[in-house]
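So that you can map any letter, position 69 of the sequence shown is 69 in UniProt numbering, and since no number is skipped, the others follow by simple counting. A virtual CB, placed ideally from N, CA and C, is assigned to each residue, including glycine. To keep things clear, I will list the structure first and then write my remarks on it.
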Amino acid sequence: MSSKNLDFGTFAQDVMLGLSASPKSLPSKYFYNSKGDKLFQQIMALPEYYLTKKEFEIFETQYESILEPVLNLGQSFNLVELGAGDGLKTKILLKYLKDIKADFQYFPIDFSGSVLQELKESLHSDFPELSVTCIEDTYRGSLVKRLWDNGKPNLILFLGSNLGNFSLKEAYDILDHLKIGATHGDFVLIGIDLKKDPQTILDAYHDSKGITRDFNLNLLDRINQELDGDIDVNSFKHWPCYDPVSGECRSYLVSLQEQTINLKALDQSFHFEAFEPIFTEISKKYSLSEIDRLAEKGGFVPVQNFTDSENYFADVLWR
Ligand code: AVJ
Numbered sequence: 001m002s003s004k005n006l007d008f009g010t011f012a013q014d015v016m017l018g019l020s021a022s023p024k025s026l027p028s029k030y031f032y033n034s035k036g037d038k039l040f041q042q043i044m045a046l047p048e049y050y051l052t053k054k055e056f057e058i059f060e061t062q063y064e065s066i067l068e069p070v071l072n073l074g075q076s077f078n079l080v081e082l083g084a085g086d087g088l089k090t091k092i093l094l095k096y097l098k099d100i101k102a103d104f105q106y107f108p109i110d111f112s113g114s115v116l117q118e119l120k121e122s123l124h125s126d127f128p129e130l131s132v133t134c135i136e137d138t139y140r141g142s143l144v145k146r147l148w149d150n151g152k153p154n155l156i157l158f159l160g161s162n163l164g165n166f167s168l169k170e171a172y173d174i175l176d177h178l179k180i181g182a183t184h185g186d187f188v189l190i191g192i193d194l195k196k197d198p199q200t201i202l203d204a205y206h207d208s209k210g211i212t213r214d215f216n217l218n219l220l221d222r223i224n225q226e227l228d229g230d231i232d233v234n235s236f237k238h239w240p241c242y243d244p245v246s247g248e249c250r251s252y253l254v255s256l257q258e259q260t261i262n263l264k265a266l267d268q269s270f271h272f273e274a275f276e277p278i279f280t281e282i283s284k285k286y287s288l289s290e291i292d293r294l295a296e297k298g299g300f301v302p303v304q305n306f307t308d309s310e311n312y313f314a315d316v317l318w319r
């Protein structure tokens, strides 16, 4: 690889690394360009994709209990949200905090600039008085910089099963990052998808309308657009599979034929054997006892678990 190629930026580098590796992989954070953001909005509205609905139910029915511990501190605080997205669930908290005239600032963080821009506009119209500071960054990047740190305690939200995008090992690394700055008696609220009937889980990643398929294939579209690629996206098959032991739902793009793809911007081609997969995403599920172990080994003290009526999803509050 010539040094010129290293200058293309992180997406180019990660694609280069991922497609050169064996087995091939691509980081799931690159799903979220403007087309991917729209597809994810459609995924959240799918009947099969229970995660968003269940977490919304938890917020709608238990927002007072969720906020009680941080409000009991009796002082001004920061509400920090990693991977804020459309903020739909958080708006339930914001509405309540506004109604009780709580003193706080909101720091939504997202890797997608287009998502943040939309969030900013919708917050401005729904909560004109609210102090909002948007941060465009990755989870780790934002946790290292901690731009929200003004000496006040924080309630850090990490919702939507976003932690599920990491393997167990990586999840502990994220928790380490969370802990480093948690020096003001901070709370974290983590949304975690629970282990359940494997069919229910698989269906959520293999919806009947094929939106999740398009979402996965959008990675290849994005490579074509941004790295001047010639990939025939229809020569790849969306293949999610769920392992009930690890709780990992893993998504792949499987090349249906032997082929070579060319990425002009990288001045590189990549060969695929017939049925060679690209690993694109992990969506890990936990049991409640695994979550307790996660807290303990991660150095957090569980405060309270909030679950929906069917025990599909949990929002766990730790300190
Ligand atoms: C946004 C990471 C929580 O893993 O369930 C949805 C993304 N991928 N359908 C998830 C996703 C396929 C989602 N997270």
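Rounded to whole angstroms, the gap between the alpha carbons of residue 256 and residue 46 is 27 Å.
Excluding its 5 nearest sequence neighbours in each direction, residue 228 has C-beta neighbours in its own chain below 6 Å: 264, 265, listed in chain order. The straight-line gap separating the alpha-carbon atoms of residue 190 and residue 12 is approximately 31 Å. The nearest non-hydrogen atom of ligand 1 is 7 Å or more from the C-beta of residue 242. Listed in chain order, the non-local C-beta contacts of residue 157 below 6 Å within the same chain comprise 81, 189, local neighbours out to five positions each way being set aside. Residue 177: member of the alpha helix (DSSP H) spanning 168-180, first to last residue. For residue 154, the enclosing beta strand (DSSP E) stretches over residues 154-158. Looking at the DSSP output, residue 286 bridges to 194. Counting other Cβ atoms within 10 Å of its Cβ, residue 112 reaches 16 or more and is therefore classed as buried. Ligand 1 approaches residue 161 closely enough that one of its heavy atoms is under 7 Å from the residue's Cβ. Shortest Cα-Cα distance from residue 83 to any of 49, 305, 179, 40 involves 40. Look at the beta carbons and you see the segment 217-224 not touching the segment 170-186: under three pairs across the two are nearer than 8 Å.
For residue 115, the enclosing alpha helix (DSSP H) begins and ends at 113-126.
In terms of Cβ geometry, residue 24 and residue 273 do not form a close pair [threshold 8 Å]. Note that the C-beta distance between residue 43 and residue 306 is not below 8 Å. A distance below 8 Å between beta-carbons, with the five flanking residues on each side excluded, links residue 211 to the following residues of its chain, in chain order: 39, 42, 43, 46. In chain order, 295, 318, 319 place their CB closer than 8 Å to the CB of residue 301, counting only its own chain and leaving out the 5 sequence neighbours on each side. Straight across, the Cα-Cα distance linking residue 159 with residue 192 is about 7 Å. For residue 283, the shortest C-beta to heavy atom distance toward ligand 1 is below 7 Å. Remark: the shortest separation between the CB of residue 43 and any heavy atom of ligand 1 falls under 7 Å. Here the segment 93-105 lies against the segment 57-76, with 3 or more beta-carbon pairs under 8 Å apart.
When the five nearest sequence neighbours on each side are left out, the beta carbons in the same chain lying within less than 6 Å of the beta carbon of residue 132 are those of 106, 123, in order along the chain. According to DSSP, residue 141 shares a beta bridge with no other residue. Note: residue 81 is bridge-paired with 108, 157 in the DSSP secondary-structure output. With 16 or more other Cβ atoms from the protein chains shown falling within 10 Å of its own Cβ, residue 240 counts as buried.
Nearest to residue 66 by C-alpha distance, out of 127, 94, 87, 197, is 94.
Pairing residue 167 with residue 297 gives a Cβ-Cβ distance that is not under 8 Å. Taking the Cα positions, residue 314 is about 12 Å away from residue 196. Collapsing the DSSP output to three states places residue 32 in coil. Remark: C-beta atoms of residue 286 and residue 202 do not approach each other more closely than 8 Å. According to the DSSP secondary-structure assignment, residue 317 is paired through a beta bridge with 189, 304. Sequence-distant Cβ neighbours of residue 153 in its own chain, meaning closer than 8 Å and more than five residues away, are 70, 73, 75, 77, 78, 184, 185, 186, 187. Beyond the five residues adjoining it in sequence on each side, residue 59 comes within less than 6 Å, by CB distance, of 89, 92 in the same chain, given in chain order. Relative to ligand 1, even the nearest heavy atom lies 7 Å or more away from the CB of residue 279.
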